[in-house]
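Trainee: Same order as they appear, the protein sequences are chains Z and E. Quick note: to get the numbering used here, add 1228 to the position in the first sequence (first position is 1). Quick note: to get the numbering used here, add 26 to the position in the second sequence (first position is 1).
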Amino acid sequence: MMARKIDLRHFTGFRAITLLCLVVLYTPLIVVAVYSFNASASITNWGGWSLKWYLDVFTGPEAGKFRAATVNSLLIAVAASITATMIATAAAVAMHRAGRFRAKTLSFALINLPLMVPEVVTAVASLIFFTTLGFKGGLGTILLAHITFCIPFAYLPIAARLQSLPDTYEQAAMDLYASPREAFKLVLMPLLAPGILSGFLLAFIISLDDFLITNFVKGAGVETLPTAIFGAVKQGIKPNIMAISTLMLAISALFVTLSWLIGRAGQGRAERA
Amino acid sequence: MAGGVPTGGGSGSAIYRGAAARLMLPGWLMIGLFMLVPVLLMAVYSFLTQEFRGGVIWRPTLAAYDHFFLNRGLFGDEPPVIEWTYLTIFWRSIWQAGLATLLCLIVGFPTAWFIATRAPKSRAIWLFLVTVPYWVNLLIRTVSMKFLIRDGGPLNELLNALGLLDGALGIVNTNLAVQLGLFYSYLPFMVLPIYAAVERYDFALSEAAADLYAGAWETLALIILPVVKPGIVAGCILVFVPSLGAFLAPDLLGGAKAFMIGSLIEEQFKGAAGNWPFGAAVSMVLMTIVMGVLLVYARAQAKGGK
């Protein structure tokens, strides 16, 4: 009798559960994407394929509102993620390249504080803070809040990259009379670039994604895309909302593919280095 | 892992020794000023007097916490009894978050296992497929879920057409809808840390177990689960904590009967009916619970690591 080789990695049913998992994750998104092409004004009945809701998003009665909200969202996401990435890069270098210093553990806790406090609590605290100081809600308050909660998200990939990079390259540069500043700028920064880029992308997505904190600190009349969509959805899901959702979905998918490819390229380079 | 406080190893480098304070300063300032100070200020607000048009009067009182825990009747002159309204909302949030965590674990563990045991090439693709929804805007995911499961929606139509159901589905505005929303929102948070743990799992352990006549499921329960437990615990925390304070899923999918902490807090700061000190007090209670969970986790981590 031949001994049957047993696959120790195999468990009956795990493949089925994985497929179920993917079905659950994708069905709602796919259904909304399909219905965004519905020619009918009713969200229930299918009236054939059409692009009219996409046209409505760009030229319809609510186009101005959504355009302004999109511009706000992008401005804030760009400004917040660039600022947060710079702060996070400096912090990560301090944590991984500056030896031991006083309050190191405390600094680490502080950097990660936005991840530990529940989002709704951050939202409340920010509103109270800005109100007490007399700051009027608007793009400024949104930006300050976004920079703050984006820092740990930018920090994670940068710190991970920094940790896996030995400091021998910088040591070599300094042996050849580079100043620490030059070693930092000319040697560490290029090596760290993939980490910085994924940190930036993560912060960017996190900023674009935020609804709750923005909704608390935005003030009247100022909208970002999520708060504008939320306001519209409160009156019922309309076809134009599905078209906007599908557009955002496509942009997210593009971004994640991009960061995946960058991550793979970075990994390949690290292995060769 | 990038998550730990860096000590020794590759991060013991001291190349820029002396620059630490300068490098940390922007981070300290930004998070200290716009996160730590606001949270401390919120703690102060929870002990202040309510201003009826929103905001506070700077006069210390325990009224917000009293209102949370005790019921003194309509005019505040009756002997206090326990106020169940808010405790019920907390209890509902806790079991909803707990159930979402359990469901995510039941679906997430097999998924993470299956992906981690694929050949490297297809593993990357499976992992990619699971992470894409995480990157999609949470609001849009929640709205999509509502669109799918609403009365007369595509799921309803499908069940009617199959003859499995007659009439309205009636899920929206129930605890079940909120549960579906939470599960859907945070499932990737469960899969990823478990995946990372399974990827490091040493299959020699499974071989040893098989040599000693353990069946596959026995090996799973007695060997694999204990070994990958850190990943499971991390996943559970990543699902439980945001579920507990979730706002979008309960607000869009649940109704008044499925009210959770997030909506209770939000309500206190919107419009004239709000009560800022009370909202701050509820936030304090929520934060205390979350910090408690994280502290227990950190303790266990520290003990397991040594």
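C-beta atoms are modelled at their ideal positions from N, C-alpha and C, and glycine is treated no differently.
Considering only the alpha carbon of each residue, which of MET286/E, PRO276/E, THR114/E lies closest to SER211/E?
Mentor: Among MET286/E, PRO276/E, THR114/E, the Cα nearest to that of SER211/E is on PRO276/E.
Trainee: What would DSSP say about LEU1477/Z, mapped onto helix, strand or coil?
Mentor: Helix.
Trainee: So which residues of chain Z does GLY81/E contact, with C-beta pairs closer than 8 Å?
Mentor: Near GLY81/E (Cβ distances below 8 Å), the residues of chain Z are THR1359.
Trainee: For ILE166/E, decide whether its Cβ has a neighbour in chain Z, counting only Cβ atoms nearer than 9 Å.
Mentor: With 9 Å as the cut-off, ILE166/E counts as an interface residue toward chain Z.
Trainee: Starting from SER1335/Z, find everything on chain E with Cβ-Cβ shorter than 8 Å and list it in chain order.
Mentor: In chain order: MET50, GLY53, TRP54.
Trainee: Less than 9 Å between the C-beta atoms of ILE1370/Z and LYS1462/Z, yes or no?
Mentor: Contact flag unset, no.
Trainee: Taking C-beta pairs closer than 7 Å, name the residues in chain Z that PRO180/E reaches, listed in chain order.
Mentor: The contacting residues are VAL1259.
Trainee: Sorted by chain position, which residues of the same chain lie with C-beta nearer than 7 Å to THR1298/Z's C-beta, five sequence neighbours on each side aside?
Mentor: If we look at THR1298/Z and ignore the five residues flanking it on each side, its Cβ neighbours are LEU1453.
Trainee: Any beta carbon from chain Z within less than 9 Å of LYS172/E's own beta carbon?
Mentor: It does: the Cβ of LYS172/E has a partner Cβ on chain Z nearer than 9 Å.
Trainee: Below 8 Å between beta carbons is the criterion; list the residues of the segment 1398–1410 of chain Z that meet it against any residue of chain E, in chain order.
Mentor: For the segment 1398–1410 of chain Z, which is checked against every Cβ of chain E, the residues closer than 8 Å are GLU1398, GLN1399, MET1402, PRO1408.
Trainee: Take LEU1343/Z and list the residues in its own chain whose beta-carbon comes closer than 7 Å to its own, dropping the five residues that flank it on each side.
Mentor: Cβ neighbours of LEU1343/Z beyond the five flanking positions: PRO1380.
Trainee: Might you give, ordered along the chain, the residues of its own chain that have their beta carbon closer than 7 Å to the beta carbon of GLY1275/Z, omitting 5 neighbours on each side?
Mentor: Same-chain partners within the cutoff: ASN1266, ALA1267, SER1268.
Trainee: Can you find a CB in chain Z that lies within less than 9 Å of the CB of GLY189/E?
Mentor: Taking Cβ atoms only, chain Z never reaches closer than 9 Å to GLY189/E, which makes this a no.
Trainee: In chain order, what residues of the same chain lie with their CB nearer than 8 Å to the CB of GLY35/E, ignoring the 5 residues before and after it?
Mentor: For GLY35/E, the predicted model reports a pLDDT of 41, less than 50, meaning its position is unreliable and no value from the coordinates is stated.
Trainee: Is it true that the CB of PHE1483/Z sits closer than 9 Å to the CB of SER1309/Z?
Mentor: No, they are not a contact pair.
Trainee: Using 9 Å as the limit for Cβ to Cβ distance, is ASP1437/Z near chain E?
Mentor: Yes, contact with chain E.
Trainee: Short of 8 Å Cβ to Cβ, which residues in the segment 1247–1271 of chain Z face chain E?
Mentor: So the close ones are LEU1248, CYS1249, LEU1250, VAL1252, LEU1253, TYR1254, THR1255, PRO1256, LEU1257, VAL1259, VAL1260, TYR1263, ILE1271.
Trainee: Heavy atom of the ligand MN less than 8 Å from the Cβ of ASP92/E, yes or no?
Mentor: For the structure depicted, the ligand MN is absent and the ligand set is empty, with no information on it obtainable.
Trainee: Under 9 Å between C-beta atoms, does LYS1446/Z make it to chain E?
Mentor: By this cut-off, LYS1446/Z is not an interface position.
Trainee: Since TRP161/E sits in a beta bridge, which residues does DSSP pair it with?
Mentor: For TRP161/E, which the question treats as bridged, DSSP gives no partner whatsoever.
Trainee: Exposed or buried, which one is LEU66/E when buried takes at least 16 other CB atoms within 10 Å?
Mentor: Exposed: under 16 other Cβ atoms inside 10 Å.
Trainee: Between the segment 1238–1252 of chain Z and the segment 129–147 of chain E, do at least 3 Cβ pairs fall closer than 8 Å?
Mentor: With the cut-off at 8 Å, the segment 1238–1252 of chain Z and the segment 129–147 of chain E touch.
Trainee: Can you list the residues of chain E that LEU1414/Z reaches, using a CB-CB cut of under 9 Å?
Mentor: Within 9 Å Cβ-Cβ: nothing; LEU1414/Z doesn't reach chain E, min ~14 Å.
Trainee: Return no unless some Cβ of chain Z is closer than 9 Å to the Cβ of PHE229/E.
Mentor: Interface residue, yes.
Trainee: By alpha-carbon positions, which one of THR200/E, PHE209/E, GLN327/E ends up nearest to GLY281/E?
Mentor: Of THR200/E, PHE209/E, GLN327/E, the residue nearest in Cα terms is THR200/E.
Trainee: Counting only beta-carbon atoms, is TYR210/E nearer than 9 Å to chain Z?
Mentor: By this cut-off, TYR210/E is an interface position.
Trainee: Who are the Cβ neighbours of LEU1477/Z in its own chain at under 7 Å, not counting the five residues just before and after it?
Mentor: These residues qualify, in order along the chain: LEU1257, ALA1261.
Trainee: For ALA1510/Z and LYS1332/Z, what's the separation of their Cα atoms in angstroms?
Mentor: Nothing about residue 1510/Z can be reported from this structure: the residues present for chain Z run from 1229 to 1501 only.
Trainee: When the Cα of ALA1421/Z is compared with those of PHE1439/Z, LEU1390/Z, TRP1281/Z, which residue comes out closest?
Mentor: Checking every option, the nearest Cα to that of ALA1421/Z belongs to LEU1390/Z.
Trainee: Report back the beta-carbon spacing between LEU312/E and GLY257/E to the nearest angstrom; my notes put them in contact at under 8 Å.
Mentor: Not a contact, Cβ separation roughly 26 Å.
Trainee: In three-state DSSP terms, what is VAL14/E?
Mentor: Residue 14/E is absent from the model: chain E starts at 27 and stops at 332.
Trainee: TRP1274/Z lies in the beta strand (DSSP E); which residues open and close that run?
Mentor: No beta strand (DSSP E) contains TRP1274/Z, which DSSP labels as neither H nor E.
Trainee: Identify the continuous beta strand (DSSP E) that holds THR75/E and give its terminal residues.
Mentor: Looking at the DSSP string, the run of the beta strand (DSSP E) that includes THR75/E is 74–76.
Trainee: In chain E, which residues lie with their C-beta within 7 Å of the C-beta of ILE1457/Z?
Mentor: Per Cβ cutoff of 7 Å: LEU165.
Trainee: Looking at the secondary structure, which residues open and close the beta strand (DSSP E) in which PRO86/E lies?
Mentor: Here the beta strand (DSSP E) through PRO86/E covers 82–86.
Trainee: How many angstroms separate the CA atom of PHE1286/Z from the CA atom of ARG1295/Z?
Mentor: Looking at the two C-alpha atoms, the distance is approximately 8 Å.
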